[in-house]
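K.L.:
Pasting a structure here, questions to come.
Number of protein chains: 4
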Amino acid sequence: MIEAVTETTIRVRYGETDQMGHAYYANYFYWFEVARGAWLRDRGVTYKSIEEMGIMLPVVEAHAEYRGEVKYDDDVVVRIWLAEKRRASIQFKYEVLNHGKVVTTGYTWHVTMSREKRKAVSIPIFVNEFLERDPTVYERLH
Amino acid sequence: MIEAVTETTIRVRYGETDQMGHAYYANYFYWFEVARGAWLRDRGVTYKSIEEMGIMLPVVEAHAEYRGEVKYDDDVVVRIWLAEKRRASIQFKYEVLNHGKVVTTGYTWHVTMSREKRKAVSIPIFVNEFLERDPTVYERLH
Amino acid sequence: MIEAVTETTIRVRYGETDQMGHAYYANYFYWFEVARGAWLRDRGVTYKSIEEMGIMLPVVEAHAEYRGEVKYDDDVVVRIWLAEKRRASIQFKYEVLNHGKVVTTGYTWHVTMSREKRKAVSIPIFVNEFLERDPTVYERLH
Amino acid sequence: MIEAVTETTIRVRYGETDQMGHAYYANYFYWFEVARGAWLRDRGVTYKSIEEMGIMLPVVEAHAEYRGEVKYDDDVVVRIWLAEKRRASIQFKYEVLNHGKVVTTGYTWHVTMSREKRKAVSIPIFVNEFLERDPTVYERLH
Chain A
1 MIEAVTETTI RVRYGETDQM GHAYYANYFY WFEVARGAWL RDRGVTYKSI EEMGIMLPVV
61 EAHAEYRGEV KYDDDVVVRI WLAEKRRASI QFKYEVLNHG KVVTTGYTWH VTMSREKRKA
121 VSIPIFVNEF LERDPTVYER LH
Chain B
143 MIEAVTETTI RVRYGETDQM GHAYYANYFY WFEVARGAWL RDRGVTYKSI EEMGIMLPVV
203 EAHAEYRGEV KYDDDVVVRI WLAEKRRASI QFKYEVLNHG KVVTTGYTWH VTMSREKRKA
263 VSIPIFVNEF LERDPTVYER LH
Chain C
285 MIEAVTETTI RVRYGETDQM GHAYYANYFY WFEVARGAWL RDRGVTYKSI EEMGIMLPVV
345 EAHAEYRGEV KYDDDVVVRI WLAEKRRASI QFKYEVLNHG KVVTTGYTWH VTMSREKRKA
405 VSIPIFVNEF LERDPTVYER LH
Chain D
427 MIEAVTETTI RVRYGETDQM GHAYYANYFY WFEVARGAWL RDRGVTYKSI EEMGIMLPVV
487 EAHAEYRGEV KYDDDVVVRI WLAEKRRASI QFKYEVLNHG KVVTTGYTWH VTMSREKRKA
547 VSIPIFVNEF LERDPTVYER LH
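Protein chains in written order, with our numbering: chain A, 1 to 142; chain B, 143 to 284; chain C, 285 to 426; chain D, 427 to 568.
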């Protein structure tokens, strides 16, 4: 499995802060989702197109550890890599960097679900092919 | 048309505030949505069931004027009433009260859209019947 | 330590769903926050007042496992209890029930932070007193 | 007054959609905020630094008209320009384009508020200087 890391930059929105003056903890999970989209783009595919091909990747487990501050207008870098692959599920890991320092780490587990049947299914071959792609040989989709 | 007002109480979440210490302006539109749900419940129906019957009420115009402060943990009252009804659209008006004072006013326009055709349609008779209901003769749905 | 459970009911907002037709995974963390507020209210105190007394409880770890469906308009019950207490941090655990079944579990870790110094501090005596309260002898704050 | 338009591109997040399959109406107001940040950057300044200089620009009125569809993964372009300037308030106007077509228009009114006094104040000279800047002579801040 190729653990290539994809990086994506996200500027923190005012509406993502709370009265403590930091990014509200739930919003990191929105950023993880953005990172997953970028990870797939790095392999020449979009999550949208995977759904259109009948496979959804709903989150079945989500985790984050917050060690540092993230504030309004910060330009955080979210690093993502595929960490594990099972019969019908995959795990992504994340690091959020702010001003060059890792401020948050996390992971998400996803099942491969048939959109039609709304049931977990083994990772289909076409999805596996995306997961196994070497991003260096694909142009990042816009 | 019966302009009966429905009131619903919403406690402001921490994640709805921003670093200014107020509820972020976009969140009022979530509260307006909650109020629309309560308005329909007052007439013995849910928005969910209307969608299941094939009609969606997407927002085509949204407006809010913010005059006072709303902070974390405030228990705001959202007042809503049906203000206008046209062939294929309706308007709701809103007032948000905090500690008894009107702090925000707003309105939304919705079209009656066929879920199947994804097109605006004249207000169906069954929807109109809900809109014309006198809430005092219906028990508010939980 | 009294592991009394506080239950709070939350109706899922339309804006909390995503195009998969479920509540978006990040929103559960908003609900956990609502539950924390209710837990404190059950002990006669508000999180707001704790912050005003100079102590913040920022989240340093957040976790959720999603096993079942939560949809628009569902009236989910969030159960919360204090699971662990350390020198300068506490852990809450959560269960989300939908139609009587546990559909999601999770936990959050919080540090006691001085608002002034923006640093972790040992749990102050007045905070510990709240944490140790037996909710059955307090009237739930509105 | 220079009505120069600033454009900023935003990719629609999964969590910004709702079960209707469109971007939820409240989220456009987050995008308007992102556009305001970009507008200021085009003039060599950030909203963050304006707040740090003691002036906040809270929204006192917000409006949007939704005419077309915006879906997950769409790359919308938000156009923003300063439309009006009064003694203590300013108005921005917005257009959201999707696949080259205007799908939403809107505006927001902001007051210049002293962060210290939490009161509206006349537009300070230093803020006015930013507002009057010709963006073509400034390098867009990253």
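All residues carry an ideal CB built from backbone N, CA and C; glycine is no exception.
Note that this is a predicted model, so its numbers are computed, not measured.
When you compare each of D/A452, D/T432 and D/T435 to D/G441 by their alpha carbons, which one comes out closest?
P.N.:
Here residue 441 of chain D refers to the residue found at position 15 of the fourth sequence. Closest option to D/G441, Cα to Cα, is D/A452.
K.L.:
Taking the alpha carbon of C/V289 as the reference point, which residue from C/R297, C/R327 and C/H426 has its own alpha carbon closest?
P.N.:
For this step, residue 289 of chain C is matched to residue 5 along the third sequence. Checking every option, the nearest Cα to that of C/V289 belongs to C/R327.
K.L.:
Relative to the C-alpha of A/E69, which residue among A/A88, A/V96 and A/Y30 is closest?
P.N.:
In the first sequence, the residue the question calls residue 69 of chain A occupies position 69. Of the candidates A/A88, A/V96 and A/Y30, the one whose C-alpha sits nearest the C-alpha of A/E69 is A/V96.
K.L.:
Confirm, please, whether the CB-CB distance from C/G321 to C/Y331 is below 7 Å.
P.N.:
If you number the third sequence from 1, residue 331 of chain C lands on position 47. If you number the third sequence from 1, residue 321 of chain C lands on position 37. A contact, by the Cβ cut-off of 7 Å.
K.L.:
Nearest chain C C-beta to D/T530 closer than 7 Å, yes or no?
P.N.:
Position 104 of the fourth sequence, counted from the start, is the residue given in the question as residue 530 of chain D. For D/T530, the answer is no, since every Cβ of chain C falls outside 7 Å of its Cβ.
K.L.:
For A/T126, count the other beta carbons within 10 Å of its own beta carbon; 16 or more makes it buried, fewer makes it exposed. Which is it?
P.N.:
Along the first sequence, one-based indexing puts residue 126 of chain A at 126. The sequence given here places Phe at residue 126 of chain A; Thr does not occur at that position. Exposed, since its Cβ has fewer than 16 Cβ neighbours within 10 Å.
K.L.:
Taking the straight line between their C-alpha atoms, what separation do you get for C/K296 and C/D358?
P.N.:
Translated into the one-based positions of the third sequence, residue 296 of chain C becomes position 12. Translated into the one-based positions of the third sequence, residue 358 of chain C becomes position 74. Note on residue identity: the sequence assigns Val, not Lys, to residue 296 of chain C. The straight-line gap from Cα to Cα measures roughly 5 Å.
K.L.:
Excluding the 5 residues preceding and the 5 following B/P200 in the sequence, name in chain order all residues of the same chain whose CB lies nearer than 7 Å to its CB.
P.N.:
The count along the second sequence starts at 1 and reaches residue 200 of chain B at position 58. Contacts found: H252, V253 and M255.
K.L.:
How is A/K117 classed by DSSP in three states: helix, strand or coil?
P.N.:
Position 117 of the first sequence, counted from the first residue, corresponds to residue 117 of chain A. Three-state DSSP puts A/K117 in coil, outside helix and strand.
K.L.:
Given a cut-off of 7 Å on the beta-carbon distance, is the pair B/V245 and B/A177 in contact?
P.N.:
Position 103 of the second sequence, counting from 1, holds the residue named residue 245 of chain B. Position 35 of the second sequence, counting from 1, holds the residue named residue 177 of chain B. Result no, Cβ atoms of B/V245 and B/A177 do not sit closer than 7 Å.
K.L.:
Output needed for B/V263: all residues of its chain with C-beta closer than 8 Å, excluding positions within five of it in sequence on either side, in chain order.
P.N.:
Here residue 263 of chain B refers to the residue found at position 121 of the second sequence. I197, A230, T254, M255 and S256, listed in sequence order.
K.L.:
Measuring alpha carbon to alpha carbon, tell me which residue in B/H284, B/Y214 and B/E226 is nearest B/N240.
P.N.:
Within the second sequence, residue 240 of chain B is the residue found at index 98, counting from 1. Among B/H284, B/Y214 and B/E226, the Cα nearest to that of B/N240 belongs to B/Y214.
K.L.:
At the level of alpha carbons, what is the spacing between A/Q91 and A/I80?
P.N.:
In the first sequence, residue 91 of chain A corresponds to position 91, counting from 1. In the first sequence, residue 80 of chain A corresponds to position 80, counting from 1. Each residue's Cα considered, the two are about 10 Å apart.
K.L.:
Please name the residue, chosen from A/D18, A/G21, A/T136 and A/R41, that lies closest to A/T8 on a Cα-to-Cα basis.
P.N.:
For the purposes of this step, residue 8 of chain A is taken as the residue at position 8 of the first sequence. Among A/D18, A/G21, A/T136 and A/R41, the Cα nearest to that of A/T8 belongs to A/R41.
K.L.:
Between which residues of its own chain and B/D160 is the CB-CB distance below 7 Å, once the five residues before and five after are set aside?
P.N.:
Walking along the second sequence from the start, residue 160 of chain B turns up at place 18. Cβ neighbours of B/D160 beyond the five flanking positions: Y166.
K.L.:
How long is the line joining the alpha carbons of D/V486 and A/L82, rounded to whole angstroms?
P.N.:
Locating residue 486 of chain D in the fourth sequence gives position 60, counting from the first residue. Locating residue 82 of chain A in the first sequence gives position 82, counting from the first residue. Answer to the nearest angstrom: the Cα atoms are 44 Å apart.
K.L.:
DSSP on B/G307, reduced to helix/strand/coil?
P.N.:
Since the displayed chain B opens at 143 and closes at 284, residue 307 of chain B lies outside it and no answer follows.
K.L.:
Within a Cβ cutoff of 8 Å, which residues of the same chain sit near B/T278, ignoring the five residues on either side of it in sequence?
P.N.:
The count along the second sequence starts at 1 and reaches residue 278 of chain B at position 136. Cβ within range, chain order: A146.
K.L.:
For the alpha helix (DSSP H) containing A/K48, name the first residue and the last one.
P.N.:
As a working note, residue 48 of chain A is residue 48 in the first sequence. A/K48 -> alpha helix (DSSP H) spans Y47 to E52.
K.L.:
Which of the three DSSP states is assigned to D/E505 in this structure?
P.N.:
Mapped onto the fourth sequence, residue 505 of chain D falls at position 79. In the sequence under discussion, the amino acid at residue 505 of chain D is Arg, which differs from the Glu named in the question. Of the three classes helix, strand and coil, the one that applies to D/R505 here is strand, per DSSP.
K.L.:
Mind checking which residues open and close the alpha helix (DSSP H) that includes B/R97?
P.N.:
The displayed coordinates of chain B run from 143 to 284. Any statement about residue 97 of chain B would go beyond what the structure contains.
K.L.:
Can you tell me which of the three DSSP states C/A372 falls into?
P.N.:
As a position in the third sequence, residue 372 of chain C is number 88, starting the count at 1. Three-state result, C/A372: coil.
K.L.:
What's the call for B/Y284, buried or exposed, on a 16-neighbour Cβ count within 10 Å?
P.N.:
Numbered from its first residue, the second sequence carries residue 284 of chain B at position 142. Looking at the sequence itself, residue 284 of chain B is His, so the reference to Tyr does not match. Exposed: under 16 other Cβ atoms inside 10 Å.
K.L.:
Identify, in the order they occur along the chain, each residue of the same chain with its Cβ nearer than 6 Å to the Cβ of A/E84, setting aside the five sequence neighbours on each side.
P.N.:
To locate residue 84 of chain A, count along the first sequence from 1; it is residue 84. For A/E84, where only same-chain residues beyond five positions count, the Cβ hits under 6 Å are Q91.
K.L.:
Would A/M53 be called buried (16 or more neighbouring beta carbons within 10 Å of its own) or exposed?
P.N.:
Looking up residue 53 of chain A in the first sequence gives position 53. With fewer than 16 Cβ atoms within 10 Å of its Cβ, A/M53 is classed as exposed.
K.L.:
Which word fits C/E400, buried or exposed, when buried means at least 16 other C-beta atoms lie within 10 angstroms of its C-beta?
P.N.:
Residue 400 of chain C sits at position 116 when you count from the first residue of the third sequence. So C/E400 ends up on the exposed side.
K.L.:
Applying the 10 Å Cβ sphere with the 16-neighbour rule, what's the burial state of A/G100?
P.N.:
Position 100 of the first sequence, counted from the first residue, corresponds to residue 100 of chain A. Per the 10 Å Cβ criterion, exposed.
K.L.:
List, in chain order, every chain D residue whose beta-carbon is nearer than 8 Å to that of B/V202.
P.N.:
As a working mapping, residue 202 of chain B is identified with position 60 in the second sequence. Correct list: E491, Y492 and R493.
K.L.:
From D/M446, D/V471, D/F458 and D/H448, pick the residue whose C-alpha is nearest to that of D/E565; which is it?
P.N.:
The residue labelled residue 565 of chain D in the question sits at position 139 within the fourth sequence. Closest by alpha carbon: D/V471.
K.L.:
Ordered along the chain, which non-local residues of its own chain (more than five positions away) have a Cβ less than 8 Å from that of A/H22?
P.N.:
Taking the first residue of the first sequence as 1, we reach residue 22 of chain A at position 22. So the qualifying residues of the chain are E69, V70 and K71.
K.L.:
Determine whether the Cβ of C/V302 lies closer than 7 Å to any Cβ atom of chain D.
P.N.:
One-based indexing of the third sequence puts residue 302 of chain C at position 18. Residue 302 of chain C is actually Asp in this sequence, not Val. C/D302 counts as touching chain D.
K.L.:
What span of residues does the alpha helix (DSSP H) with D/Y454 cover, start to end?
P.N.:
Walking along the fourth sequence from the start, residue 454 of chain D turns up at place 28. Looking at the DSSP string, the run of the alpha helix (DSSP H) that includes D/Y454 is N453 to R467.
K.L.:
Using DSSP's beta-bridge definition, name the partner residues of C/K377.
P.N.:
Taking the first residue of the third sequence as position 1, residue 377 of chain C is located at position 93. Per DSSP, C/W365 and C/Y391.
K.L.:
On a Cα-Cα basis, can you pick out the residue from A/A62, A/F32 and A/I10 that is closest to C/G390?
P.N.:
The residue you call residue 390 of chain C lines up with position 106 of the third sequence. For the residues A/A62, A/F32 and A/I10, the minimum Cα distance to C/G390 belongs to A/A62.
K.L.:
Run down chain A in chain order and give the residues with a C-beta less than 8 Å from the C-beta of C/Y356.
P.N.:
Within the third sequence, the letter at position 72 stands for residue 356 of chain C. Those do not exist, as C/Y356 stays about 16 Å from chain A at its closest Cβ, beyond 8 Å.
K.L.:
Measuring CA to CA, which of D/M446, D/I436 and D/F455 is closest to D/K519?
P.N.:
Translated into positions along the fourth sequence, residue 519 of chain D becomes position 93. Nearest C-alpha to D/K519: D/F455.
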